[in-house]
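Presented below is the structure to which this report refers.
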Amino acid sequence: MSEPKIVIIGAGPTGLGAAYRLKELGYANFKIFDRHPYIGGLAHSFVDPRGFTWDIGGHVMFSHYAYYDQCFDTLMGKDFTLNNRESWVRMFETWVPYPFQNNIRYLPKQAAYECMSGLIKAQTGKGKIASPAAAKNFGEFIDAVFGEGIAKHFMRPYNFKVWAHPPEMMNKQWIGERVAVLDIDRALKNILLGTDDFGWGPNNQFKFPLKGGTGEFYSRFDRVLGYEPDGGHIVLNERVVGIDVDAKVVRFASGRQERYDVLVSAMPLDVLYRDILKGNVPAELRSTAQQLKHSSGYMVGIGLKSRTPGGGTPDTKSWMYFPEDNCPFYRVTYLSNYSPNMTPDKDNFYSLLCEVSESAYKSTPGNEGKNPDAVVEDCITGLENAGLLEKGERANIVSRWCYYADYSYPTPSVERDEILSQVIPWLEERDIYSRGRFGMWKYEVSNTDHTLMQGVELVNRLLLGEAETTIGMVYQVTDDGRNAAVHERSSHAGSGEKKLGTGGAAQKAGMVVSAETKAQPRIVVRTRPVHANVTGAGDRVEAEIAEEELGVTRIDR
Ligand SMILES: Cc1cc2nc3c(=O)[nH]c(=O)nc-3n(C[C@H](O)[C@H](O)[C@H](O)COP(=O)(O)OP(=O)(O)OC[C@H]3O[C@@H](n4cnc5c(N)ncnc54)[C@H](O)[C@@H]3O)c2cc1C
């Protein structure tokens, strides 16, 4: 039996994960296309003309999966550094250790009082919102869990800077149960006894490629997959401009056409529906997909000719959060601390990577990527205001780098899951599988490990009949035979807890499942989506803290 043709759009972690797994299973009839002249997608790294290496925003690798770790080991061997996580929050002209809520004692007394008072009211049901369960959105959730003080001083301003959307527009499901309860006793103890409560330590380390930045790992997938002119699977510089859903043909800007039996897409789901899908596509679905919200981001790299800020003692920080409005960025990564090879010479240079968000609800002078220099200038002033650069240090800046990501964060908006439950099944009925950070639009499972595994798990579903677990979707066949889907935010998804269990879901639901035969791999092209009722993500307990964007994390020790 000949293998059905699988076409993968997007050579980011999702597409690479799918392709890697296909190759591993001995499947040959697939191609992976990207519009860029490189692979890695948002996880690619760039070297600027001065020799500084930059990532598209601070990328920290916290793996939730044994498979992902094996993949990293296979491709990277010993070519990585192991770094202690050390993160800080900058406010009131001081550095507060992360997580914020455990270190309120670092704040001025009035602010510390407001935070504690609000926390106690919230946790005893006397706050604005009676309980986290009663919260209708992320904004109310913040009030219910943290109270007015922490909301005012940290959670609201910080999260608006990250997401570029008011928290009332966001759902609360993406947070899961991670911060449902804050330990008042612990917060009080730290204030009254003056104890520090750092969220880092020897158990909290992360790997980083020794050379080439985050992107080095992903660039090595070409060793397994190969490029097209040499008989390999990867095809670069090919931008998809149309997919005929009826004829099952992909068209590229170059004029190339590719027929498919199964299509995997990691391009943004709203763009897919708006510009790319051709043929018999319901207008209602096209407009539903346009309601998905996202933010854009400027990644601003500042390279300095000096060993350390101000030339003083080496600073050991990994990354820092900035809730205040004296700087445009929400986070700055001390990138030169991740590996000695991120600058032209570790003894004479260091580098800082700033992230600035933008959306219809939060404008910047960058004006949708048209004026990145203005954002770079704002960032330099912001670094001065936030105490990271001393005034005289401007003269030490030898590199200014900026990358504008049109699609940076998939916003977990209030209506997101309802939209996904309509637009994803329709595609799957036509053998189009949209996966990945902007393919599935689930921020909570859109880090590199999650997205790579979304690709791997999809292949496991298609070839082996296994249920996908990371995406957290539950398919149900309705009485009238349609394929409805609901998206359940598992308490486990993306949080690093153990997987609830796998296997059997598809079989129990009466699906036809092929046996894995390496010699004769066979794709199971389904007539209807697989029933997956397992929504956990990851099979590894990892570092205690994995959630970066929220800015606070519950730590149980
Ligand atoms: C600011 C920021 C910080 C992050 N921090 C972390 C972190 O700390 N840790 C972590 O693990 N992850 C982090 N991530 C997430 C990580 O980058 C993503 O998980 C990952 O890149 C998503 O992979 P993907 O394949 O789903 O999508 P992408 O990486 O976006 O890849 C999609 C690919 O599709 C291609 N494509 C799109 N349209 C077309 C078209 N029409 N034709 C052909 N090709 C097309 C694109 O060129 C791209 O290569 C961060 C991301 C950002 C933006």
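All residue numbers for the sequence shown refer to the numbering used here, where the first residue is 121 and numbers rise by one.
Note that CB positions come from ideal geometry on N, CA and C, so glycine has one too.
Could you check where the beta strand (DSSP E) with residue i kicks off and where it finishes?
| i | result |
| --- | --- |
| Glu378 | 377-379 |
| Ile152 | 150-153 |
| Tyr553 | 552-554 |
Is residue i close to ligand 1? I mean its beta-carbon at under 7 Å from any heavy atom of the ligand.
| i | result |
| --- | --- |
| Ala131 | yes |
| His414 | no |
| Arg265 | Just to set this straight, residue 265 is Val in the shown sequence, not Arg. Every heavy atom of ligand 1 is 7 Å or more from the Cβ of Val265, so no. |
| Asn567 | yes |
| Leu383 | no |
| Ile363 | no |
| Ser479 | no |
| Asp342 | no |
| Ser339 | no |
| His179 | yes |
| His156 | yes |
| Met275 | no |
| Phe153 | yes |
| Ala163 | yes |
| Val369 | no |
| Thr484 | no |
| Arg376 | no |
| Ile354 | no |
| Ala525 | yes |
| Thr590 | no |
| Gly135 | yes |
| Ser528 | yes |
| Ile552 | no |
| Ala697 | Absent from the model: residue 697. The displayed extent of the chain is 121 to 677, so no value can be given. |
| Glu348 | no |
| Thr571 | yes |
| Val496 | no |
| Ile176 | yes |
| Glu358 | yes |
| Gly333 | no |
| Phe558 | yes |
| Gly417 | yes |
| Glu475 | yes |
Which first and last residues belong to the alpha helix (DSSP H) in which residue i is found?
| i | result |
| --- | --- |
| Phe258 | 258-270 |
| Asn478 | The residue asked about is misnamed: residue 478 is Glu in this sequence, not Asn. Glu478 -> not in any alpha helix (DSSP H); beta strand (DSSP E) instead, spanning 470-478. |
| Met236 | 229-243 |
| Arg451 | Unbroken run through Arg451 is the beta strand (DSSP E), 451-453; no alpha helix (DSSP H). |
| Thr173 | Per DSSP, Thr173 belongs to no alpha helix (DSSP H); it is in the beta strand (DSSP E), 173-175. |
| Tyr338 | 335-339 |
| Met573 | 568-584 |
| Thr187 | Per the sequence shown, the amino acid found at residue 187 is Tyr instead of Thr. Its alpha helix (DSSP H) spans residues 186-196. |
| Leu503 | 492-505 |
| Glu404 | 403-409 |
| Ala91 | Limits of the chain in this structure are 121 at one end and 677 at the other, which puts residue 91 out of reach. |
| Asn310 | 304-313 |
In this structure, what does DSSP give as the bridge partners for residue i?
| i | result |
| --- | --- |
| Pro217 | Trp208 |
| Cys522 | Val420 |
| Ser533 | Met290 |
| Thr201 | Phe328 |
| Gly362 | Arg371 |
| Val167 | Thr173 |
| Val127 | Lys151, Leu383 |
| Tyr140 | Answer is none; Tyr140 lacks a bridge partner. |
| Tyr347 | Ile354 |
| Leu397 | Ile363 |
| Met440 | Trp208, Val452 |
| Ile159 | Paired residues: none, contrary to the question. |
| Met181 | Lys327 |
| His414 | Pro530 |
| Lys482 | Ser479 |
| Ile517 | Leu424 |
Under the assumption that residue i contacts residue j (Cβ atoms under 8 Å), give the Cβ distance between them as a whole number of angstroms.
| i | j | result |
| --- | --- | --- |
| Tyr393 | Leu424 | So it is not a contact: roughly 44 Å between Cβ atoms. |
| Asp175 | Ser165 | 5 Å |
| Gly247 | Gly238 | 7 Å |
| Ile539 | Thr408 | 6 Å |
| Ser566 | Pro530 | 6 Å |
| Asp526 | Gly489 | 7 Å |
| Ile128 | Lys151 | 7 Å |
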